[in-house]
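Visitor: Structure below; questions to follow.
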Amino acid sequence: MNSGVVVVAGAGPGLGRALAQRFIQAGMRAALLARNAARLSELAASLGAQAWPHACDLTDQNAVAAAFDRLERELGPAQCVIFNAGTYRPGAVVDVAPGDFLECWKVGCYAGFLVGQQAARRMAARGSGTILFTGATASLRGSARFANLASPKFALRALAQSMARELGPRGVHVAHVIIDGQIRSLARAPADPAATPDSQLAPEAIAESYWQLHFQQRSAWTLELDLRPWVEKF
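The structure is reproduced here in structure tokens:
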């Protein structure tokens, strides 16, 4: 068993829950950050006493700083911080409302900077820690009608690379995980009725990879990891 604290920023019922559950299973406390207080409370209740919910607007600089201050007071320093937030509003670039584009960028990238900055300040001072960013296929390819998603995801990847090069020599492992495929959800059946259950990424399998990243030896740290189901073309 491992004591310590993991922060899941952008905690929801899918991958966010699986990430928290994997670290909790190993004996860690999971601080869950998300905007919707009611949903966050339900999520924490489903995970048990080791889950610590804190409603927080991740695009608000002061709110993010206050969240990290509070969790350190109540839980102790975080050994691993995972940024898992994002939003997507599809549409042709000629039709995208500037406000929608800005909101997607703020949630998908600016919030990552705010969370990453708070984690970096604390971990660099201690000389240890792990910061993980969740990416997507859109981190590598800007597909048609995906401008709202690809733009922040490209930027988040660059942020992770820059932070890794800056913080690695100070003992902090920063990695970016590309989720190249659709994550399995009980609420969303595969488009192809004949698809096998493992034709989509299992949240639990993704979470296992994050866990392994956290405990990598620093002589062989991963900067970027891409995950995809076996049937996915690339």
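Quick note on our numbering: the sequence shown kicks off at 819 and runs consecutively. Think of the CB as a built atom: it goes at the ideal place given N, C-alpha and C, for glycine as much as any other residue.
Taking the C-alpha atoms as reference points, what is the distance between A968 and V925?
Guide: Position 150 of the sequence shown, counting from 1, holds the residue named residue 968. Position 107 of the sequence shown, counting from 1, holds the residue named residue 925. Looking at the two C-alpha atoms, the distance is approximately 13 Å.
Visitor: Please check the pair D990 and M941, which I expect to be a contact at CB under 8 Å, by giving their CB distance rounded to whole angstroms.
Guide: Taking the sequence shown and counting its residues from 1, the one referred to as residue 990 is at position 172. Taking the sequence shown and counting its residues from 1, the one referred to as residue 941 is at position 123. The question names Asp, but residue 990 in the sequence shown is Val. The Cβ separation is near 5 Å, so the contact holds.
Visitor: Rounded to whole angstroms, what is the Cα-Cα separation between Q868 and C898?
Guide: On the sequence shown, residue 868 is found 50 positions in, with the first residue counted as 1. On the sequence shown, residue 898 is found 80 positions in, with the first residue counted as 1. When rounded, the distance between both Cα atoms is 15 Å.
Visitor: Taking DSSP as the reference, what is the three-state secondary structure of G917?
Guide: As a working note, residue 917 is residue 99 in the sequence shown. G917 falls in the helix class under three-state DSSP.
Visitor: Run the CB neighbour count on P916, radius 10 Å, all protein chains shown included, and call it buried at 16 or more, exposed below.
Guide: Taking the first residue of the sequence shown as 1, we reach residue 916 at position 98. Result: exposed.
Visitor: Identify, in the order they occur along the chain, each residue of the same chain with its Cβ nearer than 8 Å to the Cβ of R931, setting aside the five sequence neighbours on each side.
Guide: Taking the first residue of the sequence shown as 1, we reach residue 931 at position 113. The residue asked about is misnamed: residue 931 is Phe in this sequence, not Arg. Cβ within range, chain order: L977.
Visitor: Just verifying my parser: in three-state terms, what is the DSSP assignment at C874?
Guide: For this step, residue 874 is matched to residue 56 along the sequence shown. It is coil, neither helix nor strand.
Visitor: Counting pairs of beta carbons, one from the region 1014-1021 and one from the region 977-986, are three or more of them closer than 8 Å?
Guide: At 8 Å Cβ cutoff, the stretches do not touch.
Visitor: Is the CB-CB distance between V791 and N902 below 8 Å?
Guide: Outside the displayed span of the chain (819 to 1052) sits residue 791, for which this structure offers no information.
Visitor: So, A852 versus A873, is the Cβ gap smaller than 8 Å?
Guide: Your numbering for residue 852 matches position 34 in the sequence shown. Your numbering for residue 873 matches position 55 in the sequence shown. Going by C-beta atoms, A852 is nearer than 8 Å to A873.
Visitor: According to DSSP, D1044 sits in a beta bridge with which residue or residues?
Guide: To locate residue 1044, count along the sequence shown from 1; it is residue 226. Partner(s): I996.
Visitor: To the nearest angstrom, report how far apart D918 and T877 are at their CA atoms.
Guide: In the sequence shown, the residue the question calls residue 918 occupies position 100. In the sequence shown, the residue the question calls residue 877 occupies position 59. About 14 Å.
Visitor: Closest to G904 by C-alpha separation, out of A836, P831, P970 and A856, would be which residue?
Guide: The count along the sequence shown starts at 1 and reaches residue 904 at position 86. Ranking the options by Cα distance to G904, first place goes to P970.
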